[in-house]
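Trainee:
Number of protein chains: 2
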Amino acid sequence: MGGRSGFFSGGLHGKDDQRGGSPELGAPPLSHQDRPLGGRRITKKGKTMIEAIVERRSIRSFTPDPVEDPAVDRILTLGTWAPSGLNNQPWKFMVVRDPALKGRLAEQTRYSRVILGAPVCIAVFLDNAQSYDRVKDIQAVGACIQNMLLAIHEMGLGAVWLGEILKNRAAVEAVLEVPETCELMAVIALGHPAEKKRPGSRKPLADCLLGRK
Amino acid sequence: MGGRSGFFSGGLHGKDDQRGGSPELGAPPLSHQDRPLGGRRITKKGKTMIEAIVERRSIRSFTPDPVEDPAVDRILTLGTWAPSGLNNQPWKFMVVRDPALKGRLAEQTRYSRVILGAPVCIAVFLDNAQSYDRVKDIQAVGACIQNMLLAIHEMGLGAVWLGEILKNRAAVEAVLEVPETCELMAVIALGHPAEKKRPGSRKPLADCLLGRK
Chain A
46 MGGRSGFFSG GLHGKDDQRG GSPELGAPPL SHQDRPLGGR RITKKGKTMI
96 EAIVERRSIR SFTPDPVEDP AVDRILTLGT WAPSGLNNQP WKFMVVRDPA
146 LKGRLAEQTR YSRVILGAPV CIAVFLDNAQ SYDRVKDIQA VGACIQNMLL
196 AIHEMGLGAV WLGEILKNRA AVEAVLEVPE TCELMAVIAL GHPAEKKRPG
246 SRKPLADCLL GRK
Chain B
46 MGGRSGFFSG GLHGKDDQRG GSPELGAPPL SHQDRPLGGR RITKKGKTMI
96 EAIVERRSIR SFTPDPVEDP AVDRILTLGT WAPSGLNNQP WKFMVVRDPA
146 LKGRLAEQTR YSRVILGAPV CIAVFLDNAQ SYDRVKDIQA VGACIQNMLL
196 AIHEMGLGAV WLGEILKNRA AVEAVLEVPE TCELMAVIAL GHPAEKKRPG
246 SRKPLADCLL GRK
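Line by line, the protein sequences give chains A and B.
At position 110 of the first sequence (counting the first as 1) the number is 155 in the numbering used here, and the numbers step up by one without a gap.
At position 94 of the second sequence (counting the first as 1) the number is 139 in the numbering used here, and the numbers step up by one without a gap.
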C-alpha cells in the first residue's frame, strides 16, 4: 500500500539523500530525485513551496500517459501530512482507474469528460467515524486536498479539484461502495497535463483584509 | 495593504529573478531572495514544497522578534492562492498585534499563553456574504490556511493553527468587531520559533486507503 513504510522509506530516511532538509527542526531529510512517476521523472531540484502555490492551476485535459501507483501513493501520503484537529486525520481515499467505474462516476457530474479523460481519479472522503468537529474536519480535508494538489504540481502532473459532483454525493458513494461513515468531499482528476494554463488571478489582498489591530 | 501590487510585484515580475519559475506553464517567475522578514532573511534556495509539507510542525512558543507587515502580507497573499469553488475566495483575515486585544482573545481559549506569546495572530474568517456552498467554502478556507502554514514554515517562521477557540466564536467575533457575515474559522498564532520539534507522525497510508478500483 505504500505509506511511510513504502515509497517514502528510502527518500525520507535513505543515506543517499544529499538535500539535507532542516536538521535544526529535527525533521528527516528528503529526497525525491530520480523517482519513477509513471514514465516521467520529476525535476532534480524540486519546486519551492512558494513556486508551487502560485503556479498551480486546475488542469482538466490529460495525455494518455499513465500515473502509476507509487506516484499516487506519494500524492496521498503528502495529503495525509496536513494538520487536523487533535491529529485525527479524518480523510479517506479511493483510487479509481477502471474505465467502467469512471464511466459510472462520470454520469454524476457535468464534468464527465474530465473524469473519463483522467488516467486516475482520487475520491476524497471525510470519515465521520473519525470525526472530532465537523467544521474543523472539513477544513482538515481541504488542507489535505491542497497538499495533494501542490504535490501533483511539484511532480509535473496536473489535476483538478472537482466539487460539483457533490450534488450527487450519495450516488457516488453507492457507486464506489464506501463505508456508510464515509462522506464524499471531492474528486481529484489526475494525469499528465495536456494543456498549458495562463497565470491565475486573485482579488487584491486589501479586499480580504478586514483590518490590522 | 500589500497584495500583488505590494511585496509581490518585485518578486513575481522583477527582472532580477534568476530562478525561472515554470515558463512552460506561463506562470510568472518567482524570487524571494533577500527579503527582510522582521529581522531575518529567508533562505536563498527556499524549501521544496515537499520538504515544507513534511517538515512543518505546530510551533507554540516564540521569540520576542517581530514579524513585520511585509512578511504577514506575503503569508496572507499565499493563502489567497488556494483554490476555491468558482474561485469565490471566501476567506477574510484580521491581523492582531495589539497586546490588549490579544489579551481579550486569550480569554477565549485555553491556549491563552500561545496567543499572548505570539507577536502576530491572524484570525481567519469565512465570509458568508461570499458563500457558494458551505462544505466547499470551509474546505477552501482549510486549503488557504494550509498554504499560509506552509508559507510560514518556508519563511523560517513558525505557527500553530488554533481551532479550540471556535468554542467561543461569537465572543471572538465581537472582540474583533468583524462584519456580521464573517464567521471565525481559526486563529493562527505566528512568530519566530523558540522551540525545536520532533518529526510528526501519521497513520500508515493503508489505514486511509479505502481501495483501488
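Glycine included, every Cβ here is placed at the ideal spot set by N, Cα and C.
Determine which residues of the stretch 91–108 of chain A have a Cβ less than 8 angstroms from any Cβ of chain B, and write them out in chain order.
Mentor: So the close ones are G91, K92, T93, M94, I95, E96, A97, I98, V99, E100, R101, R102, S103.
Trainee: Quick one: what does DSSP say H77/B is sitting in, helix, strand or coil?
Mentor: Translated into the one-based positions of the second sequence, residue 77/B becomes position 32. With a pLDDT of 35 at H77/B, under the threshold of 50, the modelled position of that residue is not reliable, and the figure given next carries that caveat. If DSSP states are grouped into helix, strand and coil, H77/B belongs with coil.
Trainee: Using the rule of at least 16 other Cβ atoms within 10 Å of the residue's Cβ for burial, across every protein chain shown, is G187/B buried or exposed?
Mentor: Within the second sequence, the letter at position 142 stands for residue 187/B. When all chains shown are included, G187/B counts as buried.
Trainee: Give the secondary structure of K212/B by DSSP, where H, G and I count as helix, E and B as strand, and everything else as coil.
Mentor: As a working mapping, residue 212/B is identified with position 167 in the second sequence. Residue state, collapsed to three classes: helix.
Trainee: Taking the alpha-carbon of C189/B as reference, which of A251/B, L171/B, E199/B has the nearest alpha-carbon?
Mentor: If you number the second sequence from 1, residue 189/B lands on position 144. Minimum Cα distance to C189/B is reached at L171/B.
Trainee: Exposed or buried, which one is T259/B when buried takes at least 16 other CB atoms within 10 Å?
Mentor: Here chain B covers residues 46 to 258 and nothing more, so residue 259/B does not appear.
Trainee: Could you confirm whether any beta carbon from chain B is found closer than 8 angstroms to the beta carbon of E113/A?
Mentor: Translated into positions along the first sequence, residue 113/A becomes position 68. With 8 angstroms as the cut-off, E113/A does not count as an interface residue toward chain B.
Trainee: Out of I160/A, M94/A, R119/A, which has the shortest C-alpha to C-alpha gap to A234/A?
Mentor: As a first step, residue 234/A must be located in the first sequence, where it is residue number 189. It is I160/A.
Trainee: Helix, strand or coil for G256/B, going by three-state DSSP, please let me know.
Mentor: Numbered from 1 along the second sequence, position 211 holds the residue referred to as residue 256/B. DSSP places G256/B in strand when its eight states are reduced to three.
Trainee: Checking 8 angstroms against the spacing of the C-beta atoms, do L131/A and N192/A come in under that value?
Mentor: Indexing the first sequence from 1 puts residue 131/A at position 86. Indexing the first sequence from 1 puts residue 192/A at position 147. No; because the gap between Cβ atoms is not below 8 angstroms, this pair is not in contact.
Trainee: Closer than 8 angstroms is the cut-off here; do at least three beta carbon pairs connect the stretch 178–187 of chain B with the stretch 245–253 of chain B?
Mentor: Cβ pair count under 8 angstroms is below three, so no.
Trainee: Output the distance between the C-alpha atoms of G245/A and I167/A, rounded to the nearest integer angstrom.
Mentor: What you label residue 245/A is simply residue 200 of the first sequence in a count that begins at 1. What you label residue 167/A is simply residue 122 of the first sequence in a count that begins at 1. Approximately 24 angstroms, taken between the alpha carbons.
Trainee: Which residues in chain B sit within 8 angstroms of T125/A, going by Cβ to Cβ distance?
Mentor: Within the first sequence, the letter at position 80 stands for residue 125/A. Within chain B, the residues near T125/A are R247, K248, L250, C253.
Trainee: In whole angstroms, what is the alpha-carbon distance linking R155/B and E209/B?
Mentor: Numbered from its first residue, the second sequence carries residue 155/B at position 110. Numbered from its first residue, the second sequence carries residue 209/B at position 164. If you take the alpha carbons of R155/B and E209/B, they lie about 8 angstroms apart.
Trainee: Within this structure, are the beta carbons of A127/A and H198/A separated by less than 8 angstroms?
Mentor: By one-based count along the first sequence, residue 127/A stands at place 82. By one-based count along the first sequence, residue 198/A stands at place 153. Cβ distance not < 8 angstroms, so A127/A and H198/A don't count as in contact.
Trainee: Cβ atoms of V141/B and K260/A: under 8 angstroms apart, would you say?
Mentor: No statement about residue 260/A is possible, as the shown extent of chain A runs from 46 to 258 and does not include it.
Trainee: For I289/A, which of helix, strand or coil comes out of DSSP?
Mentor: Lying outside 46 to 258, the shown extent of chain A, residue 289/A is not represented and no answer is given.
Trainee: Cβ closer than 9 angstroms: which chain B residues qualify as neighbours of G236/A?
Mentor: Numbered from its first residue, the first sequence carries residue 236/A at position 191. Simply none; closest approach about 15 angstroms.
Trainee: Taking only beta-carbon atoms, is D110/B less than 8 angstroms away from chain A?
Mentor: Mapped onto the second sequence, residue 110/B falls at position 65. D110/B does not count as touching chain A.
Trainee: Considering only their Cβ atoms, is the gap separating A239/B from S106/B smaller than 8 angstroms?
Mentor: For this step, residue 106/B is matched to residue 61 along the second sequence. For this step, residue 239/B is matched to residue 194 along the second sequence. Their beta carbons are under 8 angstroms apart, which means S106/B touches A239/B by this criterion.
Trainee: Which residue from R149/B, P135/B, M200/B, S157/B puts its Cα closest to that of G236/B?
Mentor: Sequence index remark: in the second sequence, residue 236/B carries index 191 (1-based). Ranking the options by Cα distance to G236/B, first place goes to M200/B.
Trainee: Answer with yes or no whether the minimum CB distance from G148/A to chain B is below 8 angstroms.
Mentor: As a position in the first sequence, residue 148/A is number 103, starting the count at 1. With 8 angstroms as the cut-off, G148/A does not count as an interface residue toward chain B.
Trainee: Where L150/B and L194/B are concerned, what is the direct C-alpha to C-alpha distance, given to the nearest angstrom?
Mentor: Position 105 of the second sequence, counting from 1, holds the residue named residue 150/B. Position 149 of the second sequence, counting from 1, holds the residue named residue 194/B. Whole-angstrom Cα-Cα distance: 20 angstroms.
Trainee: With 8 angstroms set as the bound, which would you pick, yes or no: does the beta-carbon of I190/B sit closer than that to a beta-carbon of chain A?
Mentor: In the second sequence, residue 190/B corresponds to position 145, counting from 1. Output row for I190/B: interface = yes.
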